[in-house]
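Take a look at the structure below.
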Amino acid sequence: MSVCGAARCWWIQTRGAVSLRVLQQNRTVCTTGAPESIREKLQAFPGGSIDLQKRQESGIAVLTVNNPARMNAFSGCMMLELEQRVHELESWTEGKAVIVKGAAGNFCSGSDLNAVRAIANPQDGMRMCEFMQNTLTRLLRLPLISMALVEGRALGGGAELTTACDFRLMTSNGVIQFVHKHMGLVPGWGGAARLVGIVGSQNALKLLSGAVKVDPDCGRQMGLVDEVLLCSSGEGETLTHAEQWLRPFIKAPAPVIQALKKVVVSGRELPLEQALKTERNVFGTVWGGPANLKALALKPKHK
Ligand SMILES: CCCC(=O)SCCNC(=O)CCNC(=O)[C@H](O)C(C)(C)COP(=O)(O)OP(=O)(O)OC[C@H]1O[C@@H](n2cnc3c(N)ncnc32)[C@H](O)[C@@H]1OP(=O)(O)O
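Here the sequence shown is numbered in the working numbering, starting from 116 and rising by one per residue.
Now the structure itself:
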């Protein structure tokens, strides 16, 4: 085997072992939570809320980042609240999808700069990032199809939040901008790692080092944006269009949609052998299940 081949083989094996370990670690961290000290510090920065509406009839939840006086920036309390909301969604067995949006026509302007100033030391910064990385990793791993609905601006941590969803829809006035460089920062909520996975390392480097304002055209070209919605007069109208876009992807019983999402997550994150094992296990949860038996009885033709 050539040196390159051997190195590649080692890299794949190492990556496999590491990714599995990270998945396991994340599960552990997720259940135990971040150190109390960072929770207490985040708690000291109130303002805004993270609102969750679960619509039982459609199986679509709407998660709203709600702090319009600060362009939906994340206060410390909102970071804690997001974790709670994700926890609620993890056990929503009837759910099929979640739409993440901002209040009042803007997506999110990142972390609240007032809170950031107060914890501007490396140790607290890393703990805050660990906390947000865990929450956003759990958001991305939800057994629900997730969509970021970007109206107006998604800046800094707000841009990172969009990458923690399976799909990104943008209204024609939407902008995603990783402004971290202008703040003397890099992404820290896992946004760089996820961005590389979505648009590739060349494009990710361009977006981060250029702090590029990604408009709908640019977003579509790079594969960051899945669909562009025309700006509509009312907030509710945009949400309705987003729900319509989701509909073909969630037209099946919730257990089937949740199983589909689980096999995609394992395919995305685990080494092949582990992903195949997970796929078999998930298959076992739907094989011979109610939806499967109903389909067999109908003898459908997939024309
Ligand atoms: C790992 C995470 C890293 C990060 O997220 S770092 C944070 C990155 N985000 C930013 O730097 C956003 C800074 N803000 C801006 O660029 C502008 O405010 C923005 C969003 C383009 C909106 O501009 P305008 O439409 O002109 O509105 P404006 O500036 O008057 O803002 C309205 C009120 O919102 C406030 N605001 C906006 N973003 C904020 C933030 N991230 N933290 C705290 N407050 C924020 C802004 O200060 C203003 O408040 P006020 O009316 O002056 O009391």
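Glycine is no exception: its CB is placed at the ideal position from the N, C-alpha and C atoms.
Comparing alpha-carbon positions, which option in the options lies nearest residue i?
i: PRO258; options: VAL265, CYS280, LEU413, ALA308; result: CYS280
i: MET337; options: ARG154, ILE291, CYS346; result: ILE291
i: SER347; options: SER152, PHE189, GLN373, ALA219; result: ALA219
i: ARG232; options: LEU251, SER190, ALA412; result: SER190
Determine whether the beta carbon atoms of residue i and residue j lie at a separation below 8 Å.
i: VAL380; j: ARG256; result: yes
i: ALA263; j: PHE293; result: no
i: THR353; j: LEU310; result: no
i: GLY240; j: GLU275; result: no
i: SER287; j: VAL343; result: yes
i: PRO370; j: VAL401; result: yes
Could you spell out where the alpha helix (DSSP H) holding residue i opens and where it closes?
i: SER381; result: 369–384
i: GLY420; result: Summary: the structure shown does not reach residue 420, with the chain confined to residues 116 through 418, and so no result is reported for it.
i: MET262; result: Run containing MET262: none in the alpha helix (DSSP H); it sits in the beta strand (DSSP E), 260–265.
i: ILE313; result: 306–314
i: VAL213; result: Per DSSP, VAL213 belongs to no alpha helix (DSSP H); it is in the beta strand (DSSP E), 212–217.
i: VAL301; result: Note, VAL301: premise wrong, no alpha helix (DSSP H); not H, not E.
i: ILE153; result: 151–158
Between which residues of its own chain and residue i is the CB-CB distance below 6 Å, once the five residues before and five after are set aside?
i: ALA357; result: ILE214, LEU264, LEU284
I need the straight-line Cα distance from residue i to residue j, nearest angstrom please.
i: GLU209; j: GLN171; result: 7 Å
i: GLN140; j: ILE313; result: Because the pLDDT of GLN140 is 37, which lies under 50, any placement of that residue in the model is unreliable, and the number read from its coordinates should be weighed accordingly. The alpha-carbon atoms of GLN140 and ILE313 are separated by roughly 23 Å.
i: GLN317; j: SER324; result: 11 Å
i: LYS414; j: LYS366; result: 18 Å
i: ASN229; j: GLY174; result: 37 Å
i: PRO405; j: PRO368; result: 9 Å
i: GLN373; j: LYS392; result: 17 Å
i: GLY423; j: CYS223; result: The structure shown does not extend to residue 423, since the chain spans only 116 to 418, so no value can be given for it.
i: LEU157; j: LYS416; result: 55 Å
i: PHE246; j: SER164; result: 17 Å
i: LEU138; j: GLY303; result: Model confidence at LEU138 stands at a pLDDT of 39, short of 50, so the residue's coordinates are unreliable; what they give is reported in the following sentence. Approximately 18 Å between the Cα atoms of the pair.
i: LEU167; j: GLU203; result: 9 Å
How far does the beta strand (DSSP E) with residue i in it reach, from first residue to last?
i: GLN168; result: 164–170
i: PHE282; result: 282–286
i: ASN181; result: 175–181
i: ILE365; result: No beta strand (DSSP E) holds ILE365; DSSP gives it neither H nor E.
Excluding the five sequence neighbours on either side, which residues of its own chain have a C-beta within less than 7 Å of the C-beta of residue i, listed in chain order?
i: ARG407; result: According to the sequence as given, residue 407 is Asn; it is not Arg. VAL401, listed in sequence order.
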